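Below is one structure, written out as structure tokens; comments come after it.
In the working numbering, the protein residues as written are 167 to 887.
Below is the structure:
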């Protein structure tokens with residue numbers, strides 16, 4: 167109940183309404199409206215409104231705005247009006263409470279985690295060499311002082327270790343395609359304030375990010391896409407441009423980038439888009455498609471398993487033929503693969519023992535073997551054992567092929583490909599139609615865009631920037647709806663936290679099995695292990711801060727490498743969770759090139775490895791691969807990459823593993839550099855799992871490992887197998 171007093175007199179029961187406004191003299195007044203007489207206007211200073219609440223040092227967010235403005239004082243009258251004085255401004259402004267939100271600033275800037283991050287930023291300025299590194303460090307340090315103090319940011323959640331749940335909007339669209347993992351990743355991104363997407367190489371990470379951006383735009387919200395790796399963000403720009411959506415993106419960052427953007431920005435399309443299907447019809451197609459996503463993965467997984475089983479069976483048959491092994495046919499026992507392995511184990515357990523009554527009963531009831539003569543001595547048992555080995559592969563292959571045929575038939579009957587094409591095209595048409603009616607047509611912005619930032623964000627709801635300049639790009643007051651951090655496994659915590667301060671919700675994308683960032687060693691003690699900038703990337707840190715309370719989605723479907731290449735990475739680094747979607751047509755995809763014995767390494771380079779490689783290059787050394795991806799030569803040490811430039815054909819892209827992350831080639835040659843006198847330190851560096859994973863997964867069609875004859879690197883043993 168609001169009470170109104172005018173010059174000490176209670177007018178509450180007499181009036182029908184009351185209004186506070188600024189009169190022609192620039193003074194604030196309160197006007198009382200009566201049911202049966204003219205309104206009366208009185209200076210606000212002569213009136214009392216109960217309740218009246220005074221607040222200091224708040225943040226003000228206007229309706230429809232992304233800017234949290236600091237205010238020095240606020241007087242709220244009857245929960246209806248607010249008289250606001252901004253920080254550093256003596257003038258007062260009147261707002262209706264329905265049009266603003268007032269929040270208390272976050273306290274995290276005074277707490278241990280953020281204090282530590284500030285110390286790291288300051289220390290990096292002091293140790294940075296003069297030039298670009300010094301300028302970048304100083305720029306990051308300045309931005310650490312100007313971040314938004316809104317408690318709604320992902321940074322607040324990160325420093326507190328507590329995040330919120332979101333109410334999923336549902337009705338998702340997928341204009342950039344879809345698979346089982348991507349469906350889960352998109353759904354989870356809108357259920358939690360913080361979500362993680364693990365994107366191993368070639369698993370459609372960019373496609374997933376684009377689908378998330380599409381659904382953010384469909385909700386009329388804003389998003390920043392940032393990375394410390396420019397090619398990663400450029401890839402997203404390129405894909406949006408190919409489908410005519412690059413006009414939504416403001417490519418900001420450094421002042422130079424901003425000038426380039428405003429000089430060449432894409433204009434909003436003026437033509438009406440083609441008619442779009444309804445969301446309801448898109449959801450109907452999606453529900454049908456969901457039934458077959460698992461079958462599509464099953465087909466790919468079964469094909470990989472069949473290929474591997476066929477290779478193992480071929481090796482077994484070759485060995486048996488070379489050693490003159492001939493076993494009896496055991497088909498009459500009709501053993502399943504499981505019973506086959508059980509019988510092999512049982513025969514091995516019997517060894518050369520005599521078959522007893524108990525053994526006869528065991529063979530009869532467990533394996534339906536009545537006559538034991540084929541197993542009554544050691545030689546017969548070994549012969550049967552070898553037959554069982556081949557029988558096992560035959561039966562497993564028979565079952566796998568039957569299962570594969572069933573899954574393929576389900577996809578054919580369900581018309582999977584047509585459904586997927588329909589979902590993709592319908593989603594894109596619906597998105598473009600929606601954007602045409604909701605994106606501002608204001609194209610008058612220039613380098614001074616921050617003066618009209620809210621209007622700018624209505625025209626450009628997708629902001630692109632580097633993590634080290636995102637606060638500068640948004641001016642320090644803006645809080646977007648989402649920030650997507652790509653390549654977060656290579657992202658240092660500082661400046662990564664700058665991006666977290668610019669959005670309410672965080673979607674962090676990376677691969678913890680790939681190479682991490684290389685931080686400066688400052689010796690500063692973190693307030694908690696998971697905030698340690700020298701130990702963890704931003705992705706690692708977020709996973710440790712939030713643990714199992716946030717969704718972590720692994721993108722399983724792999725589309726880049728030959729199945730045998732990615733299966734090496736899959737088995738060694740990803741616990742066999744990846745599903746190769748490429749086809750194995752029997753190509754020679756993995757090669758080991760052994761150099762001669764000797765001590766050939768000098769200053770982390772090895773000429774003998776290059777000589778060995780040149781000796782086996784096809785014909786004149788010309789590439790078998792056409793196109794821009796071509797061939798790549800990767801070395802763990804810079805000196806070897808430099809040396810290779812003088813010896814290898816010019817079509818080879820030559821660089822270190824760290825520089826190759828994020829790239830791909832048709833063929834990759836990985837030079838280990840080590841010789842027989844390898845040191846343990848250099849051995850562990852070359853055979854580091856993340857290093858090997860990056861090197862192998864750059865190759866789309868062929869991977870060649872060059873190593874010394876005496877090197878017993880784990881990778882050589884695994885590839886040999």
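From the three backbone atoms N, C-alpha and C, an ideal C-beta is built for every residue, glycine too.
All values derive from a computational prediction rather than experimental measurement.
Taking C-beta separations shorter than 6 angstroms and ignoring five residues to either side along the sequence, the partners of residue 819 in its chain run 798, following chain order. Counting only the Cα atoms, residue 468 lies some 23 angstroms from residue 454. By the C-beta density criterion, residue 485 is exposed, having fewer than 16 other C-beta atoms within 10 angstroms.
About 29 angstroms separates the beta carbon of residue 659 from that of residue 615, a gap too long to meet the 8 angstroms contact definition. With fewer than three CB-CB distances shorter than 8 angstroms, the segment 362 to 378 does not count as touching the segment 803 to 814. Using a 10 angstroms sphere on the CB of residue 323, the tally of other CB atoms reaches 16 or more, which defines it as buried. The secondary-structure analysis by DSSP pairs residue 342 with nothing; it has no beta-bridge partner. Membership of residue 374 in the alpha helix (DSSP H) is indicated by the continuous run 371 to 384. The DSSP-derived three-state label of residue 310 is helix.
Taking all protein chains in view, the Cβ of residue 460 is surrounded by fewer than 16 other Cβ atoms within 10 Å, so the residue is classified as exposed. With at least 16 other beta carbons inside 10 angstroms of its own, residue 419 counts as buried. Taking residue 183 as reference, the option from 712, 190, 198 with the minimal CA-CA separation is 198. Cβ atoms of residue 186 and residue 268 stay farther apart than 8 angstroms, at about 17 angstroms. Under the rule that a run must span 3 or more residues, the beta strand (DSSP E) segments found entirely inside the segment 656 to 701 read 669 to 676. Secondary structure at residue 357: coil, using DSSP grouped into helix, strand and coil.
DSSP, read as helix, strand or coil, puts residue 804 in helix. If you draw a straight line from the Cα of residue 683 to the Cα of residue 705, it is about 11 angstroms long. DSSP, read as helix, strand or coil, puts residue 867 in strand. The segment 420 to 431 and the segment 581 to 592 do not touch, with fewer than three beta-carbon pairs separated by less than 8 angstroms. In terms of Cβ geometry, residue 317 and residue 270 form a close pair [threshold 9 angstroms].
Residue 416 is bridged by DSSP to 629.
Going by C-alpha positions, residue 590 is about 40 angstroms away from residue 559. In chain order, 525, 541, 547 place their CB closer than 8 angstroms to the CB of residue 516, counting only its own chain and leaving out the 5 sequence neighbours on each side. Exposed is the label assigned to residue 176, since fewer than 16 other Cβ atoms lie within 10 Å of its Cβ.
Under the three-state reduction of DSSP, residue 740 is assigned to coil, being neither helix nor strand.
Secondary structure note for residue 634: it is in no beta strand (DSSP E), with a DSSP letter that is neither H nor E. Each residue's CA atom was taken as its position, placing residue 522 and residue 506 some 21 angstroms apart. The residues 643, 644, in chain order, have a CB closer than 6 angstroms to that of residue 233 in the same chain once the five nearest residues on each side in sequence are set aside.
The Cβ atoms of residue 830 and residue 368 lie closer than 9 angstroms to each other.
DSSP places residue 644 within a strand segment (E or B) once states are collapsed to three. One Cα belongs to residue 327, the other to residue 654, and the distance between them is close to 18 angstroms. With respect to residue 410, residue 435 sits close: the two C-beta atoms are nearer than 9 angstroms. Listed as beta-bridge partners of residue 836 by DSSP are 800, 871.
Scanning 692, 853, 865, 736 for the CA closest to the CA of residue 757 turns up 865. As the crow flies, the alpha-carbon of residue 278 is around 22 angstroms from that of residue 634. One thing to note: residue 331 has its Cβ no nearer than 9 angstroms to the Cβ of residue 646.
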